[in-house]
Amino acid sequence: MKILAIGIGGAFGAIARYLINISPLSNIFQKFPFPTFFINITGSFLIGFFLILLTDKFTVNENLRFAILVGFLGAFTTFSTFELEIFGLIREKYFVTAFVYLILSVLVGFVGVLGGVWLAKRI
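For the numbering used here, add 25 to where a residue sits in the sequence shown, where the first one is 1.
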């Protein structure tokens, strides 16, 4: 049952990621992969938030917890796409953009996790 819950959550996470990638967010910056950046930062915040909410604050079914944390958020965040985009920027010789994207994603993503944990602890 847990695998099914993860699969269902993953399907919804992948669809959400796709919808954001085709949204107007993709037109914000010409060379900066903003949709993936947005997804990773939002996903980092949400994984911190739901980790605390679903383990410390509320008692929820284990399958639901796995569907959200492993399935939805695992499919929603796009670390492999992030790495591929950095490679593409470097290959196209956008070295500064690649470096800024890398550093911002890691630092702001971590701040997102901290923010999600902080907010969930106050609920």
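Think of the CB as a built atom: it goes at the ideal place given N, C-alpha and C, for glycine as much as any other residue. Values in this document were obtained by computation on a predicted structure and should not be read as measured data.
Using CA coordinates, which residue listed in Leu127, Phe101, Ala100 and Gly140 is at the minimum distance from Phe113? What sits at residue 113 in the sequence shown is Gly, not Phe. By alpha-carbon distance to Gly113, the top candidate from Leu127, Phe101, Ala100 and Gly140 is Leu127.
Which residue's Cα is closest to the Cα of Ile93: Lys82, Thr103, Phe74 and Phe104? Put simply, of Lys82, Thr103, Phe74 and Phe104 the residue whose alpha carbon is nearest the alpha carbon of Ile93 is Phe74.
Leu98 and Gly38 - do their beta-carbons sit closer together than 8 Å? For Gly38 and Leu98, yes; Cβs fall inside 8 Å.
What does the alpha-carbon distance come out to for the pair Asn52 and Phe63? One Cα belongs to Asn52, the other to Phe63, and the distance between them is close to 13 Å.
Just to check my reading of the structure: Asn46 and Phe107 have Cβ atoms closer than 8 Å, yes? What is that Cβ distance to the nearest angstrom? With a contact defined as Cβ atoms closer than 8 Å, Asn46 and Phe107 miss out at about 12 Å.
Is Phe91 near Val138, with beta carbons less than 8 Å apart? Between Phe91 and Val138, the C-beta gap is not smaller than 8 Å, which leaves the two residues out of contact.
What does the alpha-carbon distance come out to for the pair Val133 and Ile77? In a straight line, the C-alpha of Val133 is about 19 Å away from that of Ile77.
Determine whether the beta carbon atoms of Ala30 and Leu79 lie at a separation below 8 Å. Result no, Cβ atoms of Ala30 and Leu79 do not sit closer than 8 Å.
Can you check whether the CB of Gly68 is closer than 8 Å to the CB of Phe101? Note that the C-beta distance between Phe101 and Gly68 is below 8 Å.
List the whole-angstrom C-beta distance separating Thr122 from Phe59, where the pair is believed to meet the contact cut-off of C-beta under 8 Å. For a cut-off of 8 Å, the C-beta gap from Thr122 to Phe59 is around 12 Å, too long to register as a contact.
Look at the alpha carbon of Val136 and the alpha carbon of Ile28, and state the distance between them as a whole number of angstroms. Their Cα atoms are separated by approximately 30 Å.
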